[in-house]
Structure formats: C-alpha cells, structure tokens
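Heads up: the structure comes next, in structure tokens.
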Amino acid sequence: MILPTRSLRGGMNTTCQRTQYAKSEQKLTWRLECRGQFNMDSAAEFTFFSPLRYTAVISTKGWIGDQQISDTQVTLEGEYVGACQ
Numbered sequence: 372m373i374l375p376t377r378s379l380r381g382g383m384n385t386t387c388q389r390t391q392y393a394k395s396e397q398k399l400t401w402r403l404e405c406r407g408q409f410n411m412d413s414a415a416e417f418t419f420f421s422p423l424r425y426t427a428v429i430s431t432k433g434w435i436g437d438q439q440i441s442d443t444q445v446t447l448e449g450e451y452v453g454a455c456q
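So for the sequence shown, this note's numbering puts the first residue at 372; every next one is plus one.
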C-alpha cells in the first residue's frame, strides 16, 4: 500500500514533507524531508518477520545552512514477549 505525501510542521520555521511511505505484510518504509531553518532528511525501513518480531533501521541527517550537524543511524530489534504486568 502506498499513501500520498503529507505536509507537517517540523518546528520553528521548518516544514516537513513525507516523500515516501509504503507498507506491505513484511515491510514498512518511509522518508521524511524537512526544510527551513533546520533541514533534515530521515528514512526508515522496518522488516516484520512475524506479527511478534521486527527489525528496523532509521537514518537521519540534519543541517543548519550548509553545515551538517547530525548524521545518525539507529538499528532496532523488537519482539513481543508478553502482556505488561
């Protein structure tokens, strides 16, 4: 399933646009681009191995003017182990 792009406010003087979003039974991917006082590009890919287990990689880069101030990549792994007590 692919959904249309969507605009968001990303903070002071910054507007964000979801430029990619796709979902299937095994994958979820998205991309978010923010432009303004703070520029940011973020992309994610989630892989679902079962209804109870997934992995994901989320990459984000940020700039103020021409100066890159952040470049991060987060790797996640999740698994349902039971109801909260």
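Each residue gets a CB set at the ideal place from its N, CA and C atoms; glycine is no exception.
Smallest Cα separation from residue i: which of the options?
i, options, result
"L423", "N384, V452 and T400", "V452"
"S395", "M411, T418 and G407", "T418"
"Q388", "K398, G407 and L399", "G407"
"A427", "G449, T390, Q391 and E404", "G449"
"T386", "L403, T446, A454 and C455", "L403"
"Q438", "A393, M411 and Q444", "M411"
Can you pull the DSSP bridge partners for residue i?
i, result
"Y451", "DSSP, once it has assigned bridges, lists no residue as partnering Y451."
Are residue i and residue j touching if we call contact CB-CB under 7 Å?
i, j, result
"I435", "A415", "no"
"G400", "S413", "The amino acid at residue 400 is misidentified as Gly; the sequence shows Thr. It is not a contact, given that the beta carbons lie outside the stated cut-off."
So, is residue i buried or exposed, given that buried needs 16 or more other C-beta atoms within 10 angstroms?
i, result
"C455", "exposed"
"S441", "exposed"
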